[in-house]
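Top to bottom, those sequences are chains F and V.
Counting from 289, one number per residue, gives the positions in the first sequence under the working numbering.
Counting from 2, one number per residue, gives the positions in the second sequence under the working numbering.
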Amino acid sequence: MTTLAKLALPAALIALPSLSLAEDASVAGVNAATDTVFILNSLLFLVGGILVFWMAAGFAMLEAGLVRSKNVTMQLIKNISLFSLAAIFYYLIGYNLMYPLGSWGIDGVLSGVWGPGVLETVGVTAEGADDYAYASTGSDFFFQLMFCATTASIVSGTLAERIKLWPFLIFTIVLTAVIYPLQASWKWGGGFLDAAGFLDFAGSTVVHSVGGWAALTGALILGPRIGKYNKAGKTVPIPGSNLTLATLGTFILWLGWFGFNGGSQLAMGTVGDVGDVSRIFANTNTAAAGGAIAALILTQLLYKKPDLTMVLNGALAGLVSITAEPLTPSLGAATLIGAVGGVIVVFAVPFLDKLKIDDVVGAIPVHLIAGIWGTIAVVFTNGDASLGTQLYAIVVVGLFTVIVSGIVWYVLKATMGLRVDEETEINGLDMAELGMEAYPEFSKG
Amino acid sequence: MKLIIATIKPFKLEEVREALTEIGVRGMMVTEIKGFGSQSGHTEIYRGAEYAVNFVPKVKLEIVVAANMADQVVETITNTAQTGKIGDGKIFVLDVQQAIRVRTGETDADAI
């Protein structure tokens with residue numbers, strides 16, 4: 289611990305030489321070698337968690353930029369509300385549902401631990417810690433909560449500009465309290481998918497495809513925005529209000545992803561772990577670059593002009609693609625895996641439009657289809673992965689999410705109604721549902 | 002007095018303003034507009050879907066000058082704003098009955 293303090297705070301120690309003398313003496317209750325592992329693992333969770341938290345800002349900005357100005361306030365209120373609901377319901381139910389720690393109700397399928405998450409005591413000691421050999425419970429809870437919130441963030445963009453606020457938020461509660469944690473327990477909680485040998489490092493399937501499946505199911509039940517497809521069946525583009533914000537949002541997500549994938553190493557207490565976290569940062573970055581450049585070149589070739597919104601989606605698809613296995617690929621392989629994600633986006637966006645599935649921000653290509661690709665791509669660089677098991681997990685998680693979220697969407701549609709009325713949709717959800725606009729001085733888009 | 006209304010390509014505005022100032026035009030009104038003529042818009046692609054841009058951005062100039070200067074103004078605008086490609090714009094010339102300078106109450110030739 290003394291060594292660490294010197295590394296981290298050389299200036300402070302030079303300024304206060306007496307401090308370093310004091311720290312050289314052994315301190316009661318401090319065991320430098322084993323404490324270091326606990327501290328560094330917890331620190332990875334905390335810093336990673338902060339970065340993944342920031343992805344909520346990225347989603348909010350991306351979505352605010354890709355909807356029309358008359359719906360921006362609604363999109364922002366959905367984003368901050370869904371994040372906050374995820375925080376509360378992951379605490380109340382989700383955390384213990386996802387991590388039964390061996391106490392299964394139905395073995396490998398359903399946690400036997402129901403109830404709120406509980407933190408360690410104030411000023412916890414080595415003896416009193418839940419898992420002194422690993423990390424603090426608070427850091428683990430904080431980190432895992434952010435992944436749950438990310439799953440919920442994915443849904444809001446697809447369904448933008450037409451879904452009512454409250455049914456959407458109720459769906460978010462079910463998603464973050466039950467759907468996400470339950471299926472995540474099958475892999476990350478040590479359940480049957482984990483036992484089957486399914487590999488998903490940071491959640492191409494567990495996080496991104498689950499958000500994507502829930503969004504796809506919602507989009508099918510909700511229907512497209514008025515005017516998105518004309519009577520002749522052709523797609524009518526509805527340009528977003530602010531590509532500057534959409535670009536900022538993409539860069540914020542890119543930044544947050546270092547915590548998302550890097551933190552998912554789940555340990556930083558050894559040379560090997562720190563080396564792996566470093567590999568993951570570098571691979572995550574290059575996969576995003578590969579996705580962006582693939583979309584840039586492809587839109588230039590196909591459409592004669594590059595399409596910024598596709599390049600932004602391409603970078604995100606690259607990130608989702610590398611999320612299932614950001615550790616084992618070389619930099620070159622990671623770039624290619626990301627690039628395929630970028631290609632997927634360029635073809636999947638118009639394909640969904642052909643099927644009249646209206647996905648406002650491109651979340652289904654980015655999170656679902658690139659998520660499936662990333663989950664399959666694990667087999668190219670990780671010898672422990674089997675294609676059959678990866679496909680099995682993709683299908684199991686997909687079926688579960690589609691069925692449960694389909695039931696929830698239908699119940700909400702039958703009881704509260706999902707869509708705003710036609711007049712509200714045309715006038716914009718901001719004024720009709722909230723009575724305030726994001727850009728009151730000039731928005732009449 | 003004549004009112005000359007000219008629609009031109011936006012990127013030609015500065016060049017046209019300089020040329021008109023050189024021949025003694027002392028004021029003009031400028032508006033950013035959209036419209037279509039024989040060019041009839043064009044198509045663009047957004048997220049893989051083609052869409053028609055039915056109204057093309059143009060700049061509209063409105064210039065009031067003495068009648069004997071109108072031809073020279075029209076000629077200057079035509080020469081300066083011309084690229085030879087489709088969409089260079091149009092010029093209309095109208096009679097003006099009266100002009101008043103608000104500050105002084107001067108009228109007609111004195112007011113422009």
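Built from N, CA and C at the ideal position, the CB exists for glycine as well.
Note that the structure is a prediction, hence the values are computed from the model and not measured.
{"Query": "8 Å contact criterion, which F/V608 and F/V654 should meet: CB distance rounded", "Result": "6 Å"}
{"Query": "Cβ separation of V/G42 and V/T8, assumed to be a contact under 8 Å, to the nearest whole Å", "Result": "V/G42 to V/T8, Cβ: 15 Å. No contact."}
{"Query": "Whole-angstrom distance between F/F486 and F/W392, CA atom to CA atom", "Result": "19 Å"}
{"Query": "Cutoff 8 Å: V/G49 Cβ touching any chain F Cβ", "Result": "yes"}
{"Query": "Where F/D395 falls: helix, strand or coil (DSSP)", "Result": "coil"}
{"Query": "Contact residues within the segment 513-532 of chain F, judged by C-beta distance below 7 Å to chain V", "Result": "T523, V524, P525, P527"}
{"Query": "Span separating the alpha-carbon of F/S618 from that of F/A627", "Result": "14 Å"}
{"Query": "Within-8 Å CB hit, F/P653 to chain V", "Result": "no"}
{"Query": "Beta carbon of F/I442 nearer than 8 Å to that of F/G499", "Result": "yes"}
{"Query": "CB-CB length for F/L675 against F/V667, believed under 8 Å", "Result": "5 Å"}
{"Query": "Contact list for V/I46 against chain F, beta-carbon separation under 9 Å", "Result": "P525, T587, L590, Y591, K592, K593, D595"}
{"Query": "Test item: CB-CB of F/Y383 and F/G405 under 8 Å", "Result": "yes"}
{"Query": "Every unbroken alpha helix (DSSP H) inside the segment 498-560 of chain F [4 residues or more]", "Result": "498-510, 531-550"}
{"Query": "Cβ-Cβ distance between V/I46 and F/K593 below 8 Å", "Result": "yes"}
{"Query": "Those runs of the alpha helix (DSSP H) which lie wholly inside the segment 421-495 of chain F and span at least 4 residues", "Result": "425-446, 453-462, 468-475, 480-483"}
{"Query": "One or two residues paired with V/M30 in a DSSP bridge", "Result": "V/E63"}
{"Query": "Bridge partner(s) assigned by DSSP for V/I101", "Result": "V/T108"}
{"Query": "CB of F/G650 within 8 Å of CB of F/G606, strictly", "Result": "no"}
{"Query": "Which of helix, strand or coil DSSP assigns to V/Y47", "Result": "strand"}
{"Query": "Contacts around V/I113, its chain only, beta-carbon distance under 6 Å, and the 5 residues preceding and following it disregarded", "Result": "V65, A100"}
{"Query": "Helix, strand or coil at F/I302 [DSSP, three-state]", "Result": "For F/I302, the predicted model reports a pLDDT of 44, less than 50, meaning its position is unreliable; a value from the coordinates is still stated below. Note: F/I302 maps to helix in three-state DSSP."}
{"Query": "Exposure label - V/E19; buried when at least 16 CB within 10 Å", "Result": "exposed"}
{"Query": "Chain V contact for F/M734 (CB, 8 Å cutoff)", "Result": "Nothing can be reported for residue 734 of chain F: it is not among the residues displayed for chain F, which extend from 289 to 733."}
{"Query": "Bridge-paired residues (DSSP) for V/P58", "Result": "V/K35"}
{"Query": "Pair within 8 Å by beta-carbon distance, F/M724 and F/W454", "Result": "no"}
{"Query": "Beta bridge counterpart(s) of F/G716 as assigned by DSSP", "Result": "Per DSSP, none; premise fails for F/G716."}
{"Query": "Close-in-space but distant-in-sequence residues of the same chain around F/I660 (CB under 7 Å, 5 per side omitted)", "Result": "S497, I682"}
{"Query": "Any C-beta of chain V under 8 Å from that of F/V637", "Result": "yes"}
{"Query": "CA-to-CA distance, V/E63 to V/I34, given in whole angstroms", "Result": "12 Å"}
{"Query": "Residue environment, F/Q588, which counts as buried when at least 16 other CB atoms sit within 10 Å", "Result": "exposed"}
{"Query": "Any chain V beta carbon closer than 8 Å to F/T290", "Result": "Note that F/T290 scores 37 on pLDDT, short of 50, meaning its location in the model is unreliable; the coordinates nonetheless yield the value given after this. False, the Cβ-Cβ gap to chain V never drops below 8 Å."}
{"Query": "Nearest-angstrom beta carbon gap, F/P469 and F/L385 [assumed within contact, 8 Å]", "Result": "4 Å"}
{"Query": "Whole-number beta carbon distance between F/T572 and F/N549, since they are thought to touch under 8 Å", "Result": "5 Å"}
{"Query": "Three-state class that DSSP yields for F/T413 in the structure shown", "Result": "coil"}
{"Query": "Test item: CB-CB of F/L690 and F/A658 under 8 Å", "Result": "Correcting the residue identity first, residue 690 of chain F is Val in this sequence and not Leu. Going by C-beta atoms, F/V690 is not nearer than 8 Å to F/A658."}
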